[in-house]
Every structure is written in C-alpha cells, then in structure tokens.
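What follows is a set of notes on a single structure, which appears directly below.
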Amino acid sequence: MSQQKKNAAPKTPTRKNETVPSPSKKGGATTQTKKGSSENPNEVFRGHVRLKSHKNPNSPRTEYELSENITELCRFEKDRENFGMKVKLKKQGEQYIAFSNNEERSKAATVLYHCNSSNTVKSRSGNKPANEAEEVDQEEQRAMTEMLESWKSKPNGGKLFADFVRQTHVVQLGYLQEISRILSTVSKAEVTKNATASSLIEDFVSSSGITHLCTLALTNTEDHRWLVSILDIMTAILDSQSVDGVNIGCGILVEHSYAVQAITDMFENRNVDVRVKVTKLLTALMVYNDEGLLKVTTALRTYSDAHNNSSVFEEFVRGVYFETDLNFRCAALQLINAALGYMPEIDERVMARHNLSELGFDSILQEMMKKVHEMVVKLIDEGQISDEENLIMGTKKNNRDTGN
Numbered sequence: 011m012s013q014q015k016k017n018a019a020p021k022t023p024t025r026k027n028e029t030v031p032s033p034s035k036k037g038g039a040t041t042q043t044k045k046g047s048s049e050n051p052n053e054v055f056r057g058h059v060r061l062k063s064h065k066n067p068n069s070p071r072t073e074y075e076l077s078e079n080i081t082e083l084c085r086f087e088k089d090r091e092n093f094g095m096k097v098k099l100k101k102q103g104e105q106y107i108a109f110s111n112n113e114e115r116s117k118a119a120t121v122l123y124h125c126n127s128s129n130t131v132k133s134r135s136g137n138k139p140a141n142e143a144e145e146v147d148q149e150e151q152r153a154m155t156e157m158l159e160s161w162k163s164k165p166n167g168g169k170l171f172a173d174f175v176r177q178t179h180v181v182q183l184g185y186l187q188e189i190s191r192i193l194s195t196v197s198k199a200e201v202t203k204n205a206t207a208s209s210l211i212e213d214f215v216s217s218s219g220i221t222h223l224c225t226l227a228l229t230n231t232e233d234h235r236w237l238v239s240i241l242d243i244m245t246a247i248l249d250s251q252s253v254d255g256v257n258i259g260c261g262i263l264v265e266h267s268y269a270v271q272a273i274t275d276m277f278e279n280r281n282v283d284v285r286v287k288v289t290k291l292l293t294a295l296m297v298y299n300d301e302g303l304l305k306v307t308t309a310l311r312t313y314s315d316a317h318n319n320s321s322v323f324e325e326f327v328r329g330v331y332f333e334t335d336l337n338f339r340c341a342a343l344q345l346i347n348a349a350l351g352y353m354p355e356i357d358e359r360v361m362a363r364h365n366l367s368e369l370g371f372d373s374i375l376q377e378m379m380k381k382v383h384e385m386v387v388k389l390i391d392e393g394q395i396s397d398e399e400n401l402i403m404g405t406k407k408n409n410r411d412t413g414n
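For the sequence shown, the numbering used here begins at 11 and goes up steadily by one.
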C-alpha cells in the first residue's frame, strides 16, 4: 500500500450508485459516483468497521486495520458503559445513596445504602463483590446484622429497610432473614403501640416495601428459604397495629395492587412451610372483609386457571389428601371453611360444595376425622387430656353429625 493511501481519510460506507463528496487535488470538493466498489478494491465494509482483505482473493482470512479497530473498540466500550442505568452517588449525611436517572422507583434497583466507615460492610472475597458471593463470612454477617438492627431505631428505618430490599443484586438470604426477624419482633411485641415502632412498618409499606418483596419473590420462586422470609415479612405487616392498637395490616395487604396475587402464586412452591404460611395469610385476608374475600377468591381463580385446575380448591384438597403435615392440612381446612362460610351468595356456596364433593373432599374429611379420633384416644391413654375434655369434643362432634 502506498504512503498516500495510508494517510487518506477513512471512507464512509455508501450504497451502490450513491453520490459522495471526493476531495479534489486543490482541496476543493467534487462529487463522484460509486458503482459497487471503493477506491481500493480490497477494502470491504462490514458494519461500522472497515476490513481489508488479503491480497490473495481466494483466501477466506481477513485482516483488520489496527488503528480503526482500536477506535471502534473504544467507541463500543463507551456506548456499553452508557447503556442501561446511569448511576450517580450522592452523599447525604452518613449514607451514600446510589440512584438512577430517568427510571421509575418501582423498576430501578439502584438505591444502595452504606453506613459511614465505622459501619461499612467490607467484602472479604478479594476483588469479587460481596453481593455475588454465595455465602458471607461471620464477621461480615455480624456487621450487617448490627447495621440492620440500628435501622430499627432510626426515624426513617422503615424506608431504609424497603430501599435495601429493593436491591435484588445486593440482598442476600441472611440479610433478608434478619430484616424478617426484626420486623416480626416489632409487629408482635407490645412496643407496636408506640408511635415510633408502629411507623417502622408503615414507612416500610409507604416506601414500596411490599412491591419490592413481590419482585424479590418472583426472582426466587424455586428457593423456599427466600419465600419463607418474604412471607414472614408479609405476616409482620398483616399483624401490624396502629397507635390505638387497631389492626391495619390486613387492610394494607388487601389494598395493595398485587400483593394478594403474589402471595397466592408462592403456593406453587412445594415446600410445606411455604404452603402453610401462604394458606394462613390467605385465610386471614379472606376473613378480614368482603374486599379481602373478593381479592383472595380472584387470586385463587387466576392461580387455578394458570394450572388448569377444575376448582379453586383443587390445590388445597389435593394437598390435604397427599400431604402428611398436620399443620398444612389444618390450615387448608380452615381456608376452605372460611371460603364457604363467608361467600355472600347462596348459589356460590352450593357450587363450591359441589366442586369439593367432586374432588373427593367428603372422603378425605372422614379420613381426617378418623385420624383425629385415634389421636385423641392416644392422648387420653397417655394422660395428656382428660375424659372431660374428650366428652366435650365428642359432644361437639355429635352435634356436627346430627346438624344441631
């Protein structure tokens, strides 16, 4: 290649018969028509990269012009860096908040809280980020536990928890379990009647905490440990009370756009602990009010249609029949009983009872009653219950059998 061609400006790829400017010898611009070939017949354009083929026309190999490819590579890396979320870091007090531009809060997972240097959790995995590690060491876990525990007493603690759960790329199972423990302790203790403690869960909810939990459940549907922790937090929200001691949690979950459906969909996981928690939550929401009953039955129908079930009760009846865990069987019976007892229309109740009979629920119920009777006899023999208690239970059973 001559020295003149090496110093020539790179050509822009053009289509056939396209008119392009061509510099004249005196610096002026003239036009020339390209007819399927460039000035150098060995140059080929592919994409944005100019390739120069070997002089041997039969050779399939292609050599790149190094300077042009370095330029293209740098441009590609810059575009890739700008592609996706653009994250900025802004210092606010003791914390650094990472946030994205032009992204909705419900979709962007970019808010990441770090405490000051004394409380910062440092990765012990070398160059590998801690959020990519499967397990964290005990020291890191202890530091994170202390940080999460400190958020409980902060005025914006609920928001801190919600924003942390939002970080699907940061949250690890141990962290979520710790948040679940803290919120569960707060919701069940007498301290919930205190305004500060009560606002912890309210702030968590108002900061889209439930939405972030539902998103986290979608990304961990196969791991029951994640779902158990998520359901424990949902239960903590359900048990939350106002300053006056009035339950507000049921209403919060019922009014959420898709919390009830997200809880119902977790039933797909075969772990018995997950199924027990899902069933108990749905039963509580069903009993809460008419809106809760409607939302639960709608969610069950959606789940049933997605799994090609003949009835909304099919999953629970099948579970009662095949599952040996007594807690689940009792929880499933409570849900079925609540559904039948709170259906406002008589024809709906008749249809539901008919569907249960077709699923073989009557024989299953008789089998369970037989097992309960055997268990009661065993407890009497062991002296754990008295004959008087057995008489009361037998009287109730006879009343049910006679319809009184």
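Note that CB positions come from ideal geometry on N, CA and C, so glycine has one too.
Between which two residues does the alpha helix (DSSP H) containing aspartate 315 stretch?
One-based indexing of the sequence shown puts residue 315 at position 305. Unbroken alpha helix (DSSP H) run through aspartate 315: 300–316.
Restricting to runs no shorter than 4 residues, where is the alpha helix (DSSP H) found entirely within the stretch 226–275?
You should have 234–248, 259–265 and 269–275.
Please list the terminal residues of the continuous alpha helix (DSSP H) segment that includes alanine 379.
Position 369 of the sequence shown, counted from the start, is the residue given in the question as residue 379. The sequence given here has methionine at residue 379, not alanine. 371–391 is the span of the alpha helix (DSSP H), which, as asked, contains methionine 379.
I need the straight-line Cα distance from asparagine 337 to arginine 285, nearest angstrom please.
As a first step, residue 337 is located in the sequence shown; it is residue number 327 there, counting from the start. As a first step, residue 285 is located in the sequence shown; it is residue number 275 there, counting from the start. When rounded, the distance between both Cα atoms is 10 Å.
Taking 8 Å as the cut-off, decide whether the C-beta atoms of alanine 362 and threonine 289 are in contact.
Working through the sequence shown from its first residue, we reach residue 362 at position 352. Working through the sequence shown from its first residue, we reach residue 289 at position 279. Going by C-beta atoms, alanine 362 is not nearer than 8 Å to threonine 289.
Could you tell me the distance, in whole angstroms, from the CA atom of alanine 246 to the CA atom of leucine 223?
As a first step, residue 246 must be located in the sequence shown, where it is residue number 236. As a first step, residue 223 must be located in the sequence shown, where it is residue number 213. Distance between the alpha carbons of alanine 246 and leucine 223: 13 Å.
Quick one, which of Glu324, Gly261 and Glu159 has its alpha-carbon nearest glutamate 368's?
Within the sequence shown, residue 368 is the residue found at index 358, counting from 1. Of Glu324, Gly261 and Glu159, the residue nearest in Cα terms is Glu324.
Between alanine 294 and cysteine 260, which are expected to be in contact by the criterion C-beta below 8 Å, what is the C-beta distance as a whole number of angstroms?
Counted from its first residue, the sequence shown places residue 294 at position 284. Counted from its first residue, the sequence shown places residue 260 at position 250. With a Cβ gap of about 6 Å, alanine 294 and cysteine 260 count as contacting.
Locate the alpha helix (DSSP H) running through threonine 155, then write down its first and last residues.
Indexing the sequence shown from 1 puts residue 155 at position 145. That run of the alpha helix (DSSP H) goes 148–161.
Helix, strand or coil: how does DSSP classify methionine 353 here?
For the purposes of this step, residue 353 is taken as the residue at position 343 of the sequence shown. The answer is coil: DSSP assigns methionine 353 none of H, G, I, E or B.
Got a sec? Which residues, its chain only, sit under 7 Å from isoleucine 258 by beta carbon, not counting five neighbours each side?
Here the question's residue 258 lines up with position 248 in the sequence shown. Excluding residues within five positions, the ones whose Cβ falls inside 7 Å are Ser250, Gln251 and Ser252.
Applying the 10 Å Cβ sphere with the 16-neighbour rule, what's the burial state of glycine 219?
Against the sequence shown, residue 219 aligns to sequence position 209. Glycine 219 is buried by the Cβ-count criterion.
Do valine 327 and isoleucine 374 have their CB atoms nearer than 8 Å?
For the purposes of this step, residue 327 is identified with residue 317 of the sequence shown, where counting begins at 1. For the purposes of this step, residue 374 is identified with residue 364 of the sequence shown, where counting begins at 1. A contact, by the Cβ cut-off of 8 Å.
Quick check on aspartate 173: does DSSP put it in helix, strand or coil?
Walking along the sequence shown from the start, residue 173 turns up at place 163. Helix at aspartate 173.
Using a 10 Å radius around the Cβ and a threshold of 16 neighbouring Cβ atoms, would you call glutamate 384 buried or exposed?
For the purposes of this step, residue 384 is taken as the residue at position 374 of the sequence shown. It is exposed - the Cβ of glutamate 384 has fewer than 16 other Cβ atoms within 10 Å.
Would you grab the beta carbon distance between tryptophan 236 and leucine 186 for me? Rounded to a whole angstrom, and I think it's under 8 Å.
Taking the sequence shown and counting its residues from 1, one reaches residue 236 at position 226. Taking the sequence shown and counting its residues from 1, one reaches residue 186 at position 176. Indeed, because the Cβ distance is near 7 Å, the residues count as touching under 8 Å.
Look at the alpha carbon of glycine 329 and the alpha carbon of glutamine 151, and state the distance between them as a whole number of angstroms.
Taking the first residue of the sequence shown as position 1, residue 329 is located at position 319. Taking the first residue of the sequence shown as position 1, residue 151 is located at position 141. Taking the straight line from one Cα to the other gives about 37 Å.
Pick out whichever of Thr229, Lys388 and Phe171 has its Cα sitting closest to the Cα of serine 209.
Translated into the one-based positions of the sequence shown, residue 209 becomes position 199. The candidate whose alpha carbon is nearest that of serine 209 is Phe171.
Would you grab the beta carbon distance between serine 212 and valine 264 for me? Rounded to a whole angstrom, and I think it's under 8 Å.
Reading the sequence shown from its first residue, position 202 is the one you call residue 212. Reading the sequence shown from its first residue, position 254 is the one you call residue 264. In the sequence as displayed, the identity of residue 212 is glutamate instead of serine. Actually they are not in contact, since the Cβ atoms of glutamate 212 and valine 264 sit about 16 Å apart, beyond 8 Å.
What are the boundary residues of the alpha helix (DSSP H) that includes phenylalanine 326?
Walking along the sequence shown from the start, residue 326 turns up at place 316. Where phenylalanine 326 is concerned, the enclosing alpha helix (DSSP H) stretches over 324–332.
Going straight from the alpha carbon of leucine 158 to that of leucine 248, what length do you get?
In the sequence shown, counting from the first residue as 1, residue 158 sits at position 148. In the sequence shown, counting from the first residue as 1, residue 248 sits at position 238. Those two C-alpha atoms are separated by around 21 Å.
Beta-carbon within less than 7 Å of leucine 5's beta-carbon, same chain only, minus the 5 sequence neighbours each way: which residues are those?
An answer regarding residue 5 cannot be provided, because it is not within the stretch 11 to 414 covered by the chain.
Measuring only the C-alpha atoms, how far is aspartate 391 from valine 382?
Here residue 391 corresponds to residue number 381 of the sequence shown, with the count starting at 1. Here residue 382 corresponds to residue number 372 of the sequence shown, with the count starting at 1. Cα to Cα, aspartate 391 sits roughly 14 Å from valine 382.
Tell me the DSSP secondary structure of isoleucine 395 in three-state form.
Here residue 395 is taken as the residue at index 385 of the sequence shown, counted from 1. Here isoleucine 395 sits in coil by DSSP.
Can you tell me the Cα-Cα spacing of asparagine 281 and leucine 241, whole angstroms?
In the sequence shown, the residue the question calls residue 281 occupies position 271. In the sequence shown, the residue the question calls residue 241 occupies position 231. Rounded to whole angstroms, asparagine 281 to leucine 241 spans 13 Å at the Cα level.
Relative to the alpha-carbon of phenylalanine 277, which residue among Leu310, Gly168 and Glu377 has its alpha-carbon at the smallest distance?
For the purposes of this step, residue 277 is taken as the residue at position 267 of the sequence shown. The residue with the shortest Cα to Cα distance from phenylalanine 277 is Leu310.
Would you check if the distance between the CB atom of aspartate 275 and the CB atom of histidine 234 is smaller than 8 Å?
Start at 1 with the first residue of the sequence shown, and residue 275 comes out as number 265. Start at 1 with the first residue of the sequence shown, and residue 234 comes out as number 224. Taking 8 Å as the Cβ cut-off, aspartate 275 and histidine 234 do not qualify as a contacting pair.
Figure out for me which residue from Met353, Thr308, Glu149 and Ser216 has the closest Cα to the Cα of alanine 272.
On the sequence shown, residue 272 is found 262 positions in, with the first residue counted as 1. Answer by Cα proximity: Thr308.
Three-state secondary structure (DSSP) at serine 194?
Residue 194 sits at position 184 when you count from the first residue of the sequence shown. In this structure, serine 194 counts as helix in the three-state DSSP scheme.
Which same chain residues, not among the five before or five after phenylalanine 214, have their C-beta less than 6 Å away from its C-beta?
The residue given as residue 214 occupies position 204 in the sequence shown. For phenylalanine 214, where only same-chain residues beyond five positions count, the Cβ hits under 6 Å are Gly168, Phe171 and Ala172.
Which residue's Cα is closest to the Cα of lysine 166: Ser320, Arg176, Ser216 and Glu333?
Along the sequence shown, one-based indexing puts residue 166 at 156. In the sequence as displayed, the identity of residue 166 is asparagine instead of lysine. It is Ser216.
Going by C-alpha to C-alpha distance, which of Asn279, Val196, Lys287 and Val386 sits closest to tyrosine 3?
In the structure displayed, the chain extends from 11 to 414; residue 3 sits before or after that span and is not available.
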